[in-house]
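S.K.: In the UniProt record's numbering, the protein residues as written are 1 to 277.
Think of the CB as a built atom: it goes at the ideal place given N, C-alpha and C, for glycine as much as any other residue.
Computed from a predicted model, the values in this text were never measured in an experiment.
Can you keep this structure in mind? I'll have questions shortly.
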Amino acid sequence: MKLKKLLEHCFIQEFQSVLVSPFEKELFRASLRNYCSHGNPLRFHNFAFSMRELVLQIIDRRAPNDRVLKAIWYEKESEKFDVTRRQKLKFCAQGYLSDAYLEEEDLDEVNASIKEFLKKFNFFNKYTHITEKHFTPCPQKFYTDMKYIIQLSQEVIEELTALEDYVISKVEDYLESEIFDNVVNNFPDELSILANNVVIEETHPEQLEITGINESNVVMNVTGTVHVSQEYGKREDFFSMSTSYPFTVSLGVSVSDPSDIDLDSGGIEVDTASWYE
């Protein structure tokens, strides 16, 4: 089968959708060229080896050694490698986050998922090792195995994203109550929004979303609703009205200590656009 025709297959196009960098896309195309090298008895083994390297390249993109080494949880566990594949996968899942952010059962789930990933990754060995049994070309079997390799490669790559999403979700659940209390306790008693005096009656944080994790902080946004009393005039001209506005605030939490919360009340943004509607 020619490369141009092969590129039209749905499973090929689906796999291309998980590739990010130009190098990843170029390497995948080169892998397919290996497969299409008819007459070369090693064409399938070359294809499988290239796909193995492509998956490793994607892991390296998501977990470069220099970043893994900076993670608070990192400890050297191999005399041969500074960073093991298991540690790369742990970084793909939780980045710089300390284990303190996860309940014990959640850590167990992460470790079990990493173990299962490594087990699945070993499927490449079956195809990259050159044996007499797999040396003789068989076009139909080669195509079936090629499709299987690509689909399983996509599956394990997507599992990395799913594992990261799992960790983020658990961390958001873990932090939500304390962060919400922190927002309520640090919300200013008065805000000059649309009146001379605006009194905060109630503050209701409603949603917490982690927007990024760097080597120092977990960065997140909190959105909610603030109920206020807007006061106008004095004495007999005094008038007060109750209304509510959405608010948002960005804050950071130390990656090493979930209780180390950095919230600047001056950074709370209240959206009063509805007042003008």
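I'd like the span of the alpha helix (DSSP H) that includes HIS45, first residue to last.
M.R.: Taking the sequence shown and counting its residues from 1, one reaches residue 45 at position 45. Counting along the chain, the alpha helix (DSSP H) containing HIS45 begins and ends at 43 to 62.
S.K.: Take the Cβ of ASN34 as the centre, count every other Cβ of all protein chains shown within 10 Å, and call the residue buried at 16 or more, exposed below.
M.R.: Within the sequence shown, residue 34 is the residue found at index 34, counting from 1. ASN34 is buried by the Cβ-count criterion.
S.K.: If we ignore side chains and look at the alpha-carbon of each, how far apart do ASN122 and SER250 end up?
M.R.: As a first step, residue 122 is located in the sequence shown; it is residue number 122 there, counting from the start. As a first step, residue 250 is located in the sequence shown; it is residue number 250 there, counting from the start. Going by the C-alpha atoms only, they are around 42 Å apart.
S.K.: To the nearest angstrom, how far is the alpha carbon of VAL198 from that of TYR232?
M.R.: One-based indexing of the sequence shown puts residue 198 at position 198. One-based indexing of the sequence shown puts residue 232 at position 232. Approximately 9 Å, taken between the alpha carbons.
S.K.: Would you kindly check if the distance between the Cβ of LEU163 and the Cβ of GLY71 is under 7 Å?
M.R.: Along the sequence shown, read from residue 1 onward, the residue named residue 71 stands at position 71. Along the sequence shown, read from residue 1 onward, the residue named residue 163 stands at position 163. Correcting the residue identity first, residue 71 is Ala in this sequence and not Gly. No, Cβ-Cβ distance for ALA71 and LEU163 is not below 7 Å.
S.K.: Where ASN186 and LEU263 are concerned, what is the direct C-alpha to C-alpha distance, given to the nearest angstrom?
M.R.: Residue mapping note: residue 186 aligns to position 186 of the sequence shown, counting from 1. Residue mapping note: residue 263 aligns to position 263 of the sequence shown, counting from 1. The straight-line gap from Cα to Cα measures roughly 8 Å.
S.K.: As a quick exercise: from SER98, LYS90, HIS129, pick the residue whose alpha carbon is nearest that of VAL110.
M.R.: Here the question's residue 110 lines up with position 110 in the sequence shown. The option with the nearest alpha carbon to VAL110 is LYS90.
S.K.: Is the Cβ-Cβ distance between ASP210 and GLU172 less than 7 Å?
M.R.: As a working note, residue 210 is residue 210 in the sequence shown. As a working note, residue 172 is residue 172 in the sequence shown. The sequence given here places Ile at residue 210; Asp does not occur at that position. In contact: ILE210 and GLU172 (Cβ atoms closer than 7 Å).
S.K.: Ignore the nearest five residues each way along the sequence and tell me which others in ASP145's own chain have a CB closer than 6 Å to its CB.
M.R.: The count along the sequence shown starts at 1 and reaches residue 145 at position 145. Within the same chain, ASP145 has no close Cβ partners at all.
S.K.: Might you give, ordered along the chain, the residues of its own chain that have their beta carbon closer than 8 Å to the beta carbon of GLU103, omitting 5 neighbours on each side?
M.R.: Sequence index remark: in the sequence shown, residue 103 carries index 103 (1-based). Correct list, in chain order: LYS170, TYR174.
S.K.: Residues in its own chain within less than 7 Å of GLY267 by CB, not counting five upstream and five downstream?
M.R.: Locating residue 267 in the sequence shown gives position 267, where the first residue counts as 1. Closer than 7 Å at the Cβ level, and outside the excluded window around GLY267, lie VAL249, SER250.
S.K.: Mind checking which residues open and close the beta strand (DSSP E) that includes TYR245?
M.R.: Translated into the one-based positions of the sequence shown, residue 245 becomes position 245. It spans 239 to 254 - the beta strand (DSSP E) in which TYR245 sits, taken as one unbroken run.
S.K.: Is it buried or exposed, GLN230, if we count other Cβ atoms within 10 angstroms and call 16 or more buried?
M.R.: Reading the sequence shown from its first residue, position 230 is the one you call residue 230. Flag for GLN230 reads buried.
S.K.: State the CB to CB distance for the pair LEU54 and GLU24, rounded to an integer number of angstroms; the pair is presumed to be in contact (CB under 8 Å).
M.R.: Reading the sequence shown from its first residue, position 54 is the one you call residue 54. Reading the sequence shown from its first residue, position 24 is the one you call residue 24. Indeed they touch by this definition, with Cβ atoms about 6 Å apart.
S.K.: Are the beta-carbon atoms of ILE179 and LEU208 separated by less than 7 Å?
M.R.: Position 179 of the sequence shown holds residue 179. Position 208 of the sequence shown holds residue 208. In this structure, LEU208 lies closer than 7 Å to ILE179 by Cβ.
S.K.: Identify whether THR161 lies in helix, strand or coil by the three-state DSSP scheme.
M.R.: By 1-based counting over the sequence shown, the position of residue 161 is 161. In the structure shown, THR161 sits in a helix (DSSP, three-state: H, G or I).
S.K.: Ordered along the chain, which non-local residues of its own chain (more than five positions away) have a Cβ less than 7 Å from that of LEU3?
M.R.: As a first step, residue 3 must be located in the sequence shown, where it is residue number 3. LEU32, ARG33, CYS36.
S.K.: Quick one: Cα of TRP73 to Cα of MET51, how far?
M.R.: Sequence index remark: in the sequence shown, residue 73 carries index 73 (1-based). Sequence index remark: in the sequence shown, residue 51 carries index 51 (1-based). Distance between the alpha carbons of TRP73 and MET51: 30 Å.
S.K.: Would you mind working out which of VAL228, ASP106, SER153 sits nearest PRO188, comparing C-alpha positions?
M.R.: The residue given as residue 188 occupies position 188 in the sequence shown. Comparing Cα-Cα distances from PRO188 to each of VAL228, ASP106, SER153, the minimum goes to VAL228.
S.K.: Leaving out the 5 sequence neighbours to the left and right, which residues in its chain are closer than 7 Å to LEU19 when beta-carbon positions are compared?
M.R.: Residue 19 sits at position 19 when you count from the first residue of the sequence shown. The residues are LYS25, PHE28.
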